[in-house]
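For reference, the structure is listed below as structure tokens.
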Amino acid sequence: MDFSRWKTWICCAVVVVCTSVVWPQPAKAADDLDLAYRWAPVHYQDTDDTDADADYLTAVDYDGDWNAKNNWENQDDDLGRLRATVYYSVVETGTHWYIVYSFFHPRDWVDYPDFGLDTHENDMEGAMAIVRKDGSAYGKLEGMVTVFHTNFYSFTPAGSPLTDGEENIDGQLRMVTYDGALHPATFQEAKGHGLKAWNGGEFPGGDGVIYYPDRSVAEVPEHGNDRHVKYRLVNTFEAGGLWDHRSDSQTFASWGTFAGDNGKDNAANAAWGWDDKDDSVARGAMATDPARLTDSYFNGLGQFSTDYVKNAYR
């Protein structure tokens, strides 16, 4: 037997083991719901007083079915069904958790006749939290990317190491204390529902709903200027839920695009269909390949893995 060859092989194996990267892991990791709750936004939803309830957050199946083509018609039939719901998903690499929050409205609307040019049935926009694993149960929030129609915007909290990458950072991510912890604050415009970081100011026109996260409670605003409403976090991947209906022709007209026949047809997208019109990453990457999107949008990433430990979108 040629022991010299065995010796060489063993030495090489030892080198591989000794030089492999060991990423920091929490002593006790939070489950997906707890992790999503920890970084869930305090959400400032502007409302338009000509039809304020059309700006309330709710679930895709708020009306008891997954037929996306009747959501516009059913929106104002029973306001008690508009229970505040936000979908979340958690994707994980060796160095980060990526938490996508999806905010749904049955109508994208205008308050003047537009002949269907600027309205459409269903509307889902959202945000991705970038959370570094730092050995703690919940990690450290380093940044957020939000969906504003066909543009993505980037924000970082104070003290974040992230800097401009292929895209410029658009502003500061403000944090609001809720349930004993700091949460990012997000803002959605009335009617069109584009989403950015909250700028710290008052609602345009002075009226709006402030939504706060909850693991199980979904409340309905009392009016269009309700300043404390709880939204329920719902896992995108729960059995029988949003992801399970991804190939349901009643819900989706095509991959990641909701069916809709009011105003502009089939004009709203779920997270795996979100797309910035002029960046370098693929459609849907915020959900399906968030490490790639983060690597493109930011520098200053430090230790950074693009290998997924968990990614149910794939």
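Positions in the sequence shown are counted from 1; adding 1 to them yields the numbering used here. Every residue, glycine too, gets a C-beta built ideally from N, C-alpha and C.
8 Å Cβ cutoff met for residue i and residue j
i           : j           : result
residue 103 : residue 113 : no
residue 76  : residue 58  : no
residue 129 : residue 100 : yes
residue 161 : residue 143 : yes
residue 96  : residue 133 : yes
residue 312 : residue 34  : no
residue 257 : residue 270 : yes
Selected residue, minimal CA-CA separation from residue i, among the options
i           : options            : result
residue 185 : 141, 62, 166, 224  : 141
residue 83  : 231, 304, 292      : 231
residue 181 : 127, 47, 43, 308   : 43
residue 212 : 299, 205, 187, 202 : 187
residue 176 : 164, 201, 152      : 201
residue 199 : 90, 313, 158       : 158
residue 1   : 237, 49, 35, 32    : Beyond the ends of the chain as shown, which are 2 and 315, falls residue 1; an answer cannot be given.
residue 60  : 109, 123, 97, 116  : 123
residue 148 : 173, 183, 197      : 197
residue 93  : 253, 302, 297, 291 : 291
residue 172 : 111, 288, 154      : 154
residue 287 : 90, 54, 81         : 90
residue 167 : 115, 36, 216, 300  : 300
residue 307 : 79, 66, 98         : 98
residue 63  : 219, 297, 36, 298  : 219
Reduced DSSP category for residue i - H, G, I as helix; E, B as strand; rest coil
i           : result
residue 164 : strand
residue 209 : strand
residue 307 : coil
residue 20  : At residue 20 the pLDDT is 39, less than 50, meaning the model places this residue with poor confidence and gives no usable figure here.
residue 298 : helix
residue 57  : coil
residue 246 : helix
residue 83  : coil
residue 284 : coil
residue 9   : Summary for residue 9: the model assigns pLDDT 42, below 50, so the residue's position carries little reliability, and this model does not support an answer.
residue 289 : helix
residue 230 : strand
residue 193 : coil
residue 219 : coil
residue 264 : strand
residue 181 : coil
residue 201 : coil
residue 240 : coil
Residue i: first and last residue of the uninterrupted alpha helix (DSSP H) it sits in
i           : result
residue 196 : First-last for residue 196: 196-198, but that is the beta strand (DSSP E), not the alpha helix (DSSP H).
residue 74  : 72-75
residue 35  : 33-39
Where the beta strand (DSSP E) through residue i begins and ends
i           : result
residue 107 : 97-109
residue 47  : 43-47
residue 143 : 141-149
residue 133 : 121-133
residue 270 : From DSSP, residue 270 is part of no beta strand (DSSP E); its letter is neither H nor E.
Any non-hydrogen atom of the ligand ATP within 7 Å of residue i CB
i          : result
residue 35 : Here there are no bound small molecules, and the ligand ATP is not part of this structure.
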